[in-house]
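Each residue of the sequence shown is one higher than the last, beginning at 176 in our numbering. Built from N, CA and C at the ideal position, the CB exists for glycine as well. The next block holds one structure in the form of structure tokens; read it before the comments.
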Amino acid sequence: MLSPRRRSPEPRRGGLVYSDIVIDHFRAPRNVGMMRDADAVGESEDPVCGDLARFYLRVDGDRVREARFQTYGCGPSIAASSFATELVRGRRLDELDAVTPERLTAALGGLPEHRRHAASLVVDALRAAVARYRAAPAHEVNRV
């Protein structure tokens, strides 16, 4: 899949260390915002911290043509959502089944233990969007 970049050497915010990837995607998130006429939308909420992630997919054949997100929560949740939109674009839907919270965390260059919920939140929302797309009859799409 994707190989993680090195971790930043300096601790940030109370001793936490975030990778350059996480910092970059938090400071400049990609593909953020609602998608009109999405083929599928998936959502997940973390019941403990209250973070919410929503993914919008536009699918062409069996490939993700475009992915966008809306995430309300901590920096790592926003960064993981942004990174995931780039990760899934151009991939076949069956390839997305291999995206796990552990693999996403590794591709991000790691997350502190108490922030790993971010990867689970994102993967759950992404899987919900794929499931909704697959559940729709072939002649129908889930337009939002």
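Contact the segment 218-238 vs the segment 278-290: 3+ CB pairs below 8 angstroms: no
Residue 247: first and last residue of the uninterrupted beta strand (DSSP E) it sits in: For this step, residue 247 is matched to residue 72 along the sequence shown. Residue 247 -> beta strand (DSSP E) spans 238-247.
Coarse secondary structure for residue 228, derived from DSSP in three states: Here residue 228 refers to the residue found at position 53 of the sequence shown. Reduced to three states, the DSSP call for residue 228 is strand.
Inter-residue Cα distance where the pair is residue 247 and residue 228: Within the sequence shown, residue 247 is the residue found at index 72, counting from 1. Within the sequence shown, residue 228 is the residue found at index 53, counting from 1. One C-alpha to the other measures close to 7 angstroms.
For residue 256, the residue or residues it bridges with in DSSP: Translated into the one-based positions of the sequence shown, residue 256 becomes position 81. Paired residues: none, contrary to the question.
Which listed residue (301, 290, 193 and 285) has its alpha carbon closest to that of residue 252: Position 77 of the sequence shown, counted from the start, is the residue given in the question as residue 252. When each option's Cα is compared against that of residue 252, the closest is 290.
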